[in-house]
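In UniProt numbering, the protein residues as written are 1 to 541. Worksheet for the structure shown next.
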C-alpha cells in the first residue's frame, strides 16, 4: 500500500483527498476508484507516461488507486501528482508521502504543470491538519501566501522523487536535484518573490505582503484618476458617498455625460483590502485566472465590467457539472460595473437581487451545489432612453413614450429598490466646465473615504459590522435611532408609499454616510433629506 494526499475544490471549498494505492498480484491494469469523472480518468495515461519518462515505470501488475472520501465526485488534473506518488509509494520507490499534499498536473514528459485554485486548496489542506504541500514552481509564490505552510516546489517529477526517495532508491538519485523550499520573501526594488531554501514552517508568510503593499503591481492596478473628470460635482459626490459607505449606485444620463468615466474610477477611491478581504479576493483570482499570475495578495478592490451581451451564466456563474464563478464573484470585495445596464438580459439583472442582499450566490448543478462569495458594490450606468437624448426638455429625443417606458422598465422595480444612490448625470453646459481645470484627485477623495470608513468601523464595531451599508433595520431603528424630527421627510414618504420599507432603510444608511463624510456625530434633518433626494434624484428629471 502507498498513500498520498490531494485537494479538490467545490466552488471555494477545498476537500482533502486521501489517495491510496495498492499493487496486487494480477495482470497489469490501472483501476481508479472514488467517483472520478472523465477528465480525471484520463490521468491514468498521463501518469504512466510521466513515470516512464522519469525513469521509474509503474509496476507491471494490477494497480488499484482509491480516492477517499469515495462518495465525493472528483474532477480535473490536480490529483495527477498525488496519484503517481501513492503508486510509487506502493511500489517502494518513495516514502514519507502519506501526510504530504501534492497539487500539480503532470505532463507526458514528467513536467509539473501549474493548476488553478492553489491558494484555497492549500488553505483547506492546512485547515485539515496538513503541514507540507508540493506544487509546481509556477504555483510556489501563490502557495507561500498561506502562513505556516511548508511549500516545496519543483519543475519535474524527478525532483519530487529525489526529495521522497526510499532507502532502496536513494543510491540511484543521490546526485539529483530535489525540491526547493519556498517562503514569502520580497525584493526591495521590484516587489517580486524569490525562493529560498531556509524557510521555517512556523513563519508568518503573510507579513511581507501585508506591510507597505498598497496593491499596485501585477494583481492590483489603482486605475485611472478621478482628477480627469471635469465638473460633475453632484455625480462626484455621489461616487464618494458610494465608496465611503459601501452603497450601490445608478448613473443615468445622455451619452458623453461621463457616466463610464466616473464608474471606472470607483476602485481608485475605495480603501485597500484588509487581510481577510485580500485573501478572499486573491483566492477567487486563483480559481478564475491563469495560475501563473497569482503571486501576491490583491490589495486594490477588483473591478469587473462585463459587456452587455454577457449571458446570465457569465454574470452570476455557471457550468455543466460544477458551476464556475461569474462576474459577481470575481467582483467580490470590489465593484461590479454594468454599462448600458438596460441592454443586459432582464433575467441576468434580476439574478443580481440575491447576492445584493446576502453577499453570496448559490448555484445548483447536476454534480452538486456550490456557494460563492459575492459581496460587491453595484454601479449601473444607463441612458434615459434608446436614443439617449431624453434629457432636459427632451425635444431632441426621437423615442416614443412607449419606447422610453419599456427601455427603463428593463431595470425592474425590485432591482432599483436595492440601489441606494440614483443620480442624473447631465452633460457639461459650457466649454469652461467641460475643459476647465482638473477635478480633485482620487488620492484626496480616498483620504476622506478612509476617514469616513474609520468612523463607521468605530461606531459599528460592537455589532461586528464595518460599513453603514451593512447596518440592519433593528440597529437603525434601535440603538442608532434618530430623533423623530430628523426623519420627518422619510416618515412622510413611507406613509405615502413613495418609498418602500427597504428604501427607508437605505435612506437611513446613506444619511449616516453623509454625516460621516461631514465629520458629524449623527445625521440631522439636512443629511436625511439629502439622502432621500440622492436616492430619488434620477426620478425628478
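Positions of the beta carbon are idealized from the N, C-alpha and C atoms, including for glycine.
Just to confirm my understanding: we take residue 544, look at its own chain, exclude 5 residues before and 5 after, and list those with CB closer than 7 Å. What are they? Any answer about residue 544 is impossible in this case: the structure gives the chain only from 1 up to 541.
If you measure between the beta carbons of residue 363 and residue 370, is that distance less than 8 Å? To locate residue 363, count along the chain shown from 1; it is residue 363. To locate residue 370, count along the chain shown from 1; it is residue 370. Taking 8 Å as the cut-off, the Cβ atoms of residue 363 and residue 370 count as close.
Considering Cα atoms alone, identify which of 445, 515, 319, 419 is closest to residue 499. Reading the chain shown from its first residue, position 499 is the one you call residue 499. Of the candidates 445, 515, 319, 419, the one whose C-alpha sits nearest the C-alpha of residue 499 is 419.
Can we say the region 42-60 touches the region 9-21, given the rule of at least three CB pairs closer than 8 Å? Counting Cβ pairs under 8 Å, fewer than three are found: no touch.
I'd like the list of long-range same chain contacts for residue 127, defined as Cβ closer than 7 Å, with 5 residues on each side in sequence excluded. Residue 127 sits at position 127 when you count from the first residue of the chain shown. If the five residues before and after residue 127 are omitted, its C-beta is found closer than 7 Å to no C-beta atom of its own chain.
When the Cα atoms are used, what is the spatial distance from residue 155 to residue 73? Locating residue 155 in the chain shown gives position 155, counting from the first residue. Locating residue 73 in the chain shown gives position 73, counting from the first residue. Distance between the alpha carbons of residue 155 and residue 73: 29 Å.
Between residue 97 and residue 4, how many whole angstroms is the CB-CB distance? I'm expecting something under 8 Å. For this step, residue 97 is matched to residue 97 along the chain shown. For this step, residue 4 is matched to residue 4 along the chain shown. About 5 Å; that satisfies the 8 Å criterion.
Can you list, in chain order, the stretches of the beta strand (DSSP E) that have 3 or more residues and sit fully within the region 233-302? Along the length of the region 233-302, whole beta strand (DSSP E) runs at least 3 residues long occupy 249-253, reported in chain order.
Bounding residues of the alpha helix (DSSP H) (the contiguous stretch that carries residue 2): Translated into the one-based positions of the chain shown, residue 2 becomes position 2. First-last for residue 2: 2-10, but that is the beta strand (DSSP E), not the alpha helix (DSSP H).
Kindly indicate which three-state DSSP category residue 97 falls into: helix, strand or coil? Within the chain shown, residue 97 is the residue found at index 97, counting from 1. If DSSP states are grouped into helix, strand and coil, residue 97 belongs with coil.
What are the start and end residues of the beta strand (DSSP E) that includes residue 499? Numbered from 1 along the chain shown, position 499 holds the residue referred to as residue 499. Careful: residue 499 lies outside any beta strand (DSSP E) and carries neither H nor E.
Name the DSSP bridge partner or partners of residue 74? In the chain shown, counting from the first residue as 1, residue 74 sits at position 74. Under DSSP, the beta-bridge partners assigned to residue 74 are 36.
Since residue 414 sits in a beta bridge, which residues does DSSP pair it with? Looking up residue 414 in the chain shown gives position 414. Within the DSSP bridge table, the entry for residue 414 names no partner.
Exposed or buried, which one is residue 188 when buried takes at least 16 other CB atoms within 10 Å? Position 188 of the chain shown, counting from 1, holds the residue named residue 188. Note that residue 188 scores a pLDDT of 31, beneath 50, so its modelled location is shaky; the value from the coordinates is reported in the next line. Classification of residue 188: exposed, given that the 10 Å Cβ count is below 16.
Got a sec? Which residues, its chain only, sit under 6 Å from residue 88 by beta carbon, not counting five neighbours each side? On the chain shown, residue 88 is found 88 positions in, with the first residue counted as 1. Cβ within range, chain order: 94.
Is the distance from the Cβ of residue 374 to the Cβ of residue 332 below 8 Å? Against the chain shown, residue 374 aligns to sequence position 374. Against the chain shown, residue 332 aligns to sequence position 332. Yes, the Cβ-Cβ distance between residue 374 and residue 332 is below 8 Å.
Taking only the alpha-carbon atoms, compute the straight-line gap between residue 75 and residue 37 and give it to the nearest angstrom. Translated into positions along the chain shown, residue 75 becomes position 75. Translated into positions along the chain shown, residue 37 becomes position 37. Rounded to whole angstroms, residue 75 to residue 37 spans 5 Å at the Cα level.
Tell me the rounded alpha-carbon separation between residue 194 and residue 368. Position 194 of the chain shown, counted from the start, is the residue given in the question as residue 194. Position 368 of the chain shown, counted from the start, is the residue given in the question as residue 368. Note that residue 194 scores a pLDDT of 33, beneath 50, so its modelled location is shaky; the value from the coordinates is reported in the next line. Approximately 39 Å, taken between the alpha carbons.
Just curious, the alpha helix (DSSP H) that residue 487 is in, first and last residue? Translated into positions along the chain shown, residue 487 becomes position 487. In this chain, residue 487 is not harboured by any alpha helix (DSSP H), its DSSP state being neither H nor E.
Paired residues, beta bridge with residue 146 - DSSP: Position 146 of the chain shown, counted from the start, is the residue given in the question as residue 146. The secondary-structure analysis by DSSP pairs residue 146 with nothing; it has no beta-bridge partner.
Distance, Cα to Cα, residue 112 vs residue 44? Residue numbering aside, residue 112 sits at position 112 when the chain shown is read from its first letter. Residue numbering aside, residue 44 sits at position 44 when the chain shown is read from its first letter. Here the C-alpha atom of residue 112 lies approximately 16 Å from the C-alpha atom of residue 44.
Any contact between the region 434-449 and the region 464-480? By contact I mean 3 or more CB pairs, one from each, below 8 Å. Too few Cβ pairs lie closer than 8 Å, so no.
Taking just the CA atoms, how far does residue 144 sit from residue 101? In the chain shown, residue 101 corresponds to position 101, counting from 1. In the chain shown, residue 144 corresponds to position 144, counting from 1. Between residue 101 and residue 144, the C-alpha separation is close to 14 Å.
For residue 46 versus residue 80, is the C-beta spacing smaller than 8 Å? Counting from one through the chain shown, the residue named residue 46 turns up at place 46. Counting from one through the chain shown, the residue named residue 80 turns up at place 80. Closer than 8 Å, so yes.
Taking the Cβ atom as the reference point for each residue, do residue 124 and residue 316 lie within a distance shorter than 8 Å? Here the question's residue 124 lines up with position 124 in the chain shown. Here the question's residue 316 lines up with position 316 in the chain shown. Not in contact: residue 124 and residue 316 (Cβ atoms no closer than 8 Å).
In terms of DSSP beta bridges, what is residue 373 paired with? If you number the chain shown from 1, residue 373 lands on position 373. 360, per the DSSP bridge assignment.
Beta carbon of residue 150 nearer than 8 Å to that of residue 131: The count along the chain shown starts at 1 and reaches residue 150 at position 150. The count along the chain shown starts at 1 and reaches residue 131 at position 131. A distance below 8 Å separates the beta carbons of residue 150 and residue 131.
Quick one: give me the first and last residue of the beta strand (DSSP E) that residue 337 is part of. Walking along the chain shown from the start, residue 337 turns up at place 337. Per DSSP, residue 337 belongs to the beta strand (DSSP E) from 335-338.
Just the C-alpha distance for residue 347 and residue 99, rounded to the nearest angstrom, thanks. Looking up residue 347 in the chain shown gives position 347. Looking up residue 99 in the chain shown gives position 99. The straight-line gap from Cα to Cα measures roughly 47 Å.
Is the separation between the beta-carbon of residue 456 and that of residue 535 shorter than 8 Å? Your numbering for residue 456 matches position 456 in the chain shown. Your numbering for residue 535 matches position 535 in the chain shown. No, Cβ-Cβ distance for residue 456 and residue 535 is not below 8 Å.
Suppose contacts are defined by Cβ-Cβ distances below 8 Å. Is residue 28 in contact with residue 54 by that definition? As a first step, residue 28 must be located in the chain shown, where it is residue number 28. As a first step, residue 54 must be located in the chain shown, where it is residue number 54. One thing to note: residue 28 has its Cβ no nearer than 8 Å to the Cβ of residue 54.
Report yes if the CB atom of residue 268 is closer than 8 Å to the CB atom of residue 224, and no otherwise. Sequence index remark: in the chain shown, residue 268 carries index 268 (1-based). Sequence index remark: in the chain shown, residue 224 carries index 224 (1-based). Their beta carbons are under 8 Å apart, which means residue 268 touches residue 224 by this criterion.
Applying the 10 Å Cβ sphere with the 16-neighbour rule, what's the burial state of residue 247? By one-based count along the chain shown, residue 247 stands at place 247. A buried status is given to residue 247, since no fewer than 16 other beta-carbon atoms sit within 10 Å of its beta-carbon.
Distance, Cα to Cα, residue 328 vs residue 357? Here the question's residue 328 lines up with position 328 in the chain shown. Here the question's residue 357 lines up with position 357 in the chain shown. Between residue 328 and residue 357, the C-alpha separation is close to 13 Å.
Residue 66 bridges to which residues according to DSSP? In the chain shown, the residue the question calls residue 66 occupies position 66. 20, 33, per the DSSP bridge assignment.
Helix, strand or coil at residue 344 according to DSSP, with G and I counted as helix: Your numbering for residue 344 matches position 344 in the chain shown. It is coil, neither helix nor strand.
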